[in-house]
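A quick write-up on the structure given underneath.
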Ligand code: UFG
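Residue numbers (the working numbering): 17 to 356.
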């Protein structure tokens, strides 16, 4: 019998491990898995995750992915792993690549060893648009050439390749979800989960810090890219839509296959257009200055998520940037500004 044999029937309550379940996306997916009736164990070292984001009805194990075998024992009965835990700042990865290889790649390979040893049948992995580097064609399909322009993308691509081997050789049902730029927050039923990076490096939350009076101005990294206004183009996806795709991916995971899906909305916004939306939503003039390019930034990343739509049945409910910035601003005001 292959190591990753077994698995559950559709709709059944199952036991799942979520690595990085105290982080931005992991905490929201954890909430949705619990609401769908599953049992969830969160593994997080709280290096970048936050205790406040932990679901009270999930079991929490404080530890690194490198030690996942402590949790994923053969008789623990896990039916799947959703692997979010990672370092995510492309810019930082240019100057501290060793952190990214150790954490993202070595940690994921240790997790994969534990998954195999425990015979866990399914795994959903947080991959990234950064694996494509500077794309030859937009929108980017899953069949596009992968040529990362920064170590962050390389470390994620290495794990994608390992998952392909694992499913072929050992029967793992693997899915990689390649996220484009994630924004927004989860605000419902009294639960508020959103972005809390420290230090913050992402464009929208930094713009919100300016709108909140916590930063004087926003720097735009580079205005000499080959785009309409010279600033980089990104494709934004609401974190709730992204989170929902994980539950669909779990159901679609097939033994012996590694399936890969891009997740974005298929429309690109320049950094200046993003700033304009933040101005509209917050009513703040948002002073901006142009700064040099940030090393490792691809000029334009726009997804084709046709495969996720047709094969997973995924449809975004909040596709507009205004929806995303509105939710991110609500989260920022109610959870960060008013509760320091
Ligand atoms: N930017 C600025 N000023 C800032 C911060 C960012 O101009 O203060 C620019 C960046 O240079 C880039 C754009 O805004 O052109 C978006 O940058 P982010 O840091 O918000 O996001 P990235 O596109 O670098 O990366 C994000 C995630 C990755 C993911 C990638 C996929 O962090 O995990 O989206 O597109 F891989």
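Just so you know, even glycine gets a beta-carbon here, dropped at the ideal spot from N, CA and C. Nothing here was measured: the structure is a model prediction, and the numbers come from that model.
Do three or more CB pairs link the region 193-212 to the region 29-38 at distances below 8 angstroms?
no
Assuming residue 332 contacts residue 253 (C-beta within less than 8 angstroms), just tell me the rounded distance between them.
7 angstroms
contact_flag[the region 172-180, the region 333-349] where n(CB pairs < 8 angstroms) is 3 or more
no
For a test of the three-state rule: what should DSSP assign to residue 161, helix, strand or coil?
coil
Rounded to whole angstroms, what's the CA-CA distance from residue 46 to residue 53? Just pull it up for me.
11 angstroms
As a quick exercise: from 67, 334, 324, pick the residue whose alpha carbon is nearest that of residue 202.
334
State yes or no: is the C-beta of residue 193 within less than 9 angstroms of the C-beta of residue 258?
yes
Residue burial classification, residue 293 (beta-carbon count within 10 angstroms, cutoff 16):
buried
For residue 247, does the three-state DSSP call read helix, strand or coil?
coil
State the start and end residues of the unbroken alpha helix (DSSP H) segment that holds residue 357.
An answer regarding residue 357 cannot be provided, because it is not within the stretch 17 to 356 covered by the chain.
Below 8 angstroms, is the gap between the Cβ of residue 403 and the nearest heavy atom of ligand 1?
The first residue shown for the chain is 17 and the last is 356, placing residue 403 beyond what the model contains.
Can residue 251 be considered in contact with ligand 1, in the sense that its beta carbon sits closer than 8 angstroms to one or more heavy atoms?
yes
Report the residue ranges of all alpha helix (DSSP H) runs contained in full by the region 59-132; include only those spanning at least 4 residues, in chain order.
106-111, 113-116
Please report the straight-line C-alpha distance between residue 128 and residue 93, rounded to a whole angstrom.
16 angstroms
Quick test of your reading: residue 278 and residue 316, contact by CB under 8 angstroms. State the CB separation rounded to the nearest angstrom.
That pair is no contact at about 14 angstroms.
Can you name the start and end residues of the beta strand (DSSP E) that residue 152 belongs to?
No beta strand (DSSP E) contains residue 152, which DSSP labels as neither H nor E.
For ligand 1, I want to know if residue 160 counts as a neighbour, meaning its beta carbon is within less than 8 angstroms of at least one of the ligand's heavy atoms.
no
Looking at the secondary structure, which residues open and close the alpha helix (DSSP H) in which residue 173 lies?
167-186
Three-state secondary structure (DSSP) of residue 283:
coil
Residue 317 beta carbon near ligand 2 (any heavy atom closer than 8 angstroms):
Ligands present in the displayed structure are limited to ligand 1, and ligand 2 is not among them.
Continuous beta strand (DSSP E) stretch holding residue 207: start and end
207-209
What did DSSP end up calling residue 320 once you bin it into helix, strand or coil?
coil
How far does the alpha helix (DSSP H) with residue 40 in it extend, from its first residue to its last?
40-51
Helix, strand or coil: how does DSSP classify residue 378 here?
This structure cannot settle anything about residue 378, because the visible part of the chain is limited to 17 through 356.
Please indicate yes or no: does the CB of residue 264 lie closer than 8 angstroms to some heavy atom of ligand 1?
no
With a threshold of 8 angstroms (Cβ to nearest heavy atom), would residue 220 be considered close to ligand 1?
yes
Residues bridged to residue 306 by DSSP?
236
In whole angstroms, what is the alpha-carbon distance linking residue 75 and residue 269?
24 angstroms
My output table needs one value for residue 198: the three-state DSSP class, helix, strand or coil.
strand
Taking just the CA atoms, how far does residue 184 sit from residue 272?
5 angstroms
Given a cut-off of 9 angstroms, decide if residue 262 and residue 136 are closer than it, judged by their beta-carbon atoms.
no
What is the residue span of the alpha helix (DSSP H) that residue 260 lies within?
255-268
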